[in-house]
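Below is one structure; the comments refer to it alone.
Protein chains: 2
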Amino acid sequence: MATRMGNKTRQAILEAAREAFASKSYAEVSMEDIAKIAHVKKPLIYYYFPSKEDLFKEAWDEAFRDLEDKVFGPKEEEGKYVRKVKQFLRAYIDFLRNDRKSLRLIEREKNKFYSEKSKNWQYMKKRYDVFVQQVADVIASETGNSSPEFARAITDIVGSSALLPEGQMSPKTLELIIIKGLKP
Amino acid sequence: MATRMGNKTRQAILEAAREAFASKSYAEVSMEDIAKIAHVKKPLIYYYFPSKEDLFKEAWDEAFRDLEDKVFGPKEEEGKYVRKVKQFLRAYIDFLRNDRKSLRLIEREKNKFYSEKSKNWQYMKKRYDVFVQQVADVIASETGNSSPEFARAITDIVGSSALLPEGQMSPKTLELIIIKGLKP
DNA sequence: TTTTTGATTTACCGATCGGTAAAATAATAT
DNA sequence: ATATTATTTTACCGATCGGTAAATCAAAAA
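In the order they appear, the protein sequences are chains X and G. Our numbering puts the first residue of the first sequence at 3, with every later residue one more than the last. Our numbering puts the first residue of the second sequence at 3, with every later residue one more than the last.
Right, here's the structure in full:
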């Protein structure tokens, strides 16, 4: 009854998918690619996931789970005099440094749902929108006025940086740019 | 000797390609798609262009030609007391409003050349890098210090906005965000 | 008018795509 | 040991991909 070996295989496939979708776009990644990374034959993927789209949706979900956990989760400087926005920004940029994979996956397909109208893609759009709204809320909690447009601009800049080769956009500079936008 | 009807057909195909590559990614666009838009059969494309990659390269070139003409070309407020950076920014955002197609094409594939090492893609990378450098120069000509990273951030933000549905990111807000980054 | 040349289409190729059926394997339950 | 169930593989499918060869059509040259 309780699944046997399957759980580990399923997780391995999902992990392989996350890696693949972080390195190439959804359209460019083939199920064969994912199978190879997971050291598995292609049809086995379909034993655990109904379709490429569903597999991507789960990868998308896990990426956002990781992102939101680290960025909105408990901070080390909790309760200190450090501003909430500063904490958020630090965590966001740390995430960019340490978990580029998730941000890359998101960045590659964050515009896809403007053309794809299927249920899965609309679900992913919602997940993305909610994240941007949460960012807007953090900013609004201090500056008083935070347009969703500004929150979107921030996530776009961080996202773009994630697709650059490492070292191309220094986290320090990135932080500075965003803080300047926050100020007046 | 002087080409007959061909020129117009060639241009129609190239125009169709620009439209197609602006609406979907390189990998998602098929030669069949382009043929349909151009009201032409697929093999005719290969009469004028050696490959999909070469066709895309030409579309890429035209997009940058249009962009650079409008953004670095002669300005209406030339010679006025209006700062050069302001003029550039105005032109850039006007271009975003009026010629979304070019910016979309660029934005969709601006990271492709980090994985594709072919001659064509390296050429396109260079073309993109030159543009960013020109932006950096404009900024440096007034603020004195302009990191290429900041120029890149600006083009990333404008590019991201281009892929959003119209009206999602107001040009005014966008301008404001960039100006704030420019200030101190 | 006939011939030549440029332009366009029809018919097709091998490779790869996402996905399925069914057989083979491996682990558990009886 | 045997039957059952979960897991994995082999073999394949139709559709679509980028691209090619050759036939057809249309316009200019002779």
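Idealized CB from N, CA, C, for every residue including glycine.
Query, Result
"On the three-state DSSP scale, how would you describe G183(G)?", "helix"
"List, in chain order, every chain X residue whose beta-carbon is nearer than 7 Å to that of I39(G).", "Those do not exist, as I39(G) stays about 15 Å from chain X at its closest Cβ, beyond 7 Å."
"Using a Cβ cut-off of 9 Å, pull out every chain G residue sitting near T145(X), in sequence order please.", "Result: empty, since nearest Cβ-Cβ is about 12 Å, beyond 9 Å."
"Once you ignore the five residues that flank V140(X) on each side, which residues in its own chain have a CB closer than 7 Å to its CB?", "K86, V87 and F90"
"Output the distance between the C-alpha atoms of G75(G) and Y130(X), rounded to the nearest integer angstrom.", "38 Å"
"Within the continuous alpha helix (DSSP H) that includes Q135(G), where are the two ends?", "K121 to T145"
"With a CB to CB cut of under 6 Å and the five nearest residues on each side skipped, what residues in its chain are close to N113(X)?", "none"
"So which residues on chain G does I159(X) lean against when the C-beta distance must stay under 7 Å?", "A155, D158 and I159"
"When the Cα atoms are used, what is the spatial distance from A4(G) to P45(G)?", "At A4(G) the pLDDT is 39, less than 50, meaning the model places this residue with poor confidence and gives no usable figure here."
"Three-state secondary structure (DSSP) at S25(G)?", "helix"
"Mark R2(G) as exposed unless 16 or more other C-beta atoms lie within 10 angstroms of its C-beta, in which case mark it buried.", "No statement about residue 2(G) is possible, as the shown extent of chain G runs from 3 to 186 and does not include it."
"Could you tell me which chain G residues have their CB closer than 9 Å to the CB of P167(X), listed as they occur along the chain?", "Y116"
"Using a Cβ-Cβ cutoff of 8 Å, what residues of the stretch 17 to 29 of chain X are near chain G? List them in chain order.", "S25, K26, S27 and A29"
"Hey, Y116(X) and P167(G): beta-carbon distance below 8 Å or not?", "yes"
"Which residue wins for smallest C-alpha separation from E64(X), given the options V160(X), L16(X), N9(X) and G146(X)?", "L16(X)"
"Buried or exposed for V229(G), going by 16 or more other Cβ atoms inside 10 Å?", "This structure cannot settle anything about residue 229(G), because the visible part of chain G is limited to 3 through 186."
"Say whether chain X places a C-beta atom closer than 8 Å to the C-beta of N113(G).", "yes"
"Going by the beta-carbon positions, is the gap between R110(G) and F23(G) smaller than 8 Å?", "yes"
"May I ask which residues mark the beginning and end of the alpha helix (DSSP H) holding G161(X)?", "P150 to L165"
"Is the separation between the beta-carbon of L57(X) and that of A19(X) shorter than 8 Å?", "yes"
"Grouping DSSP H, G and I as helix and E and B as strand, with all else coil, what is L178(X)?", "helix"
"S172(G) to D158(X), Cα distance in whole Å?", "15 Å"
"What does a CB cutoff of less than 8 Å around K43(X) pick up in its chain, not counting 5 residues either side in sequence?", "A37"
"Given that E55(G) touches chain X, what residues does it touch there, using C-beta distances under 7 Å?", "In chain order: nothing, as chain X lies at least about 14 Å away."
"Return the Cβ separation of L165(X) and R106(X) in integer angstroms, given the expectation that the two are a contact with Cβ distance under 8 Å.", "6 Å"
"In whole angstroms, what separates the C-alpha of R154(X) from that of E151(G)?", "19 Å"
"Are the C-beta atoms of S104(X) and some chain G residue less than 8 Å apart?", "no"
"Using the Cβ count rule (16 or more neighbours within 10 Å means buried), how would you classify G146(X)?", "exposed"
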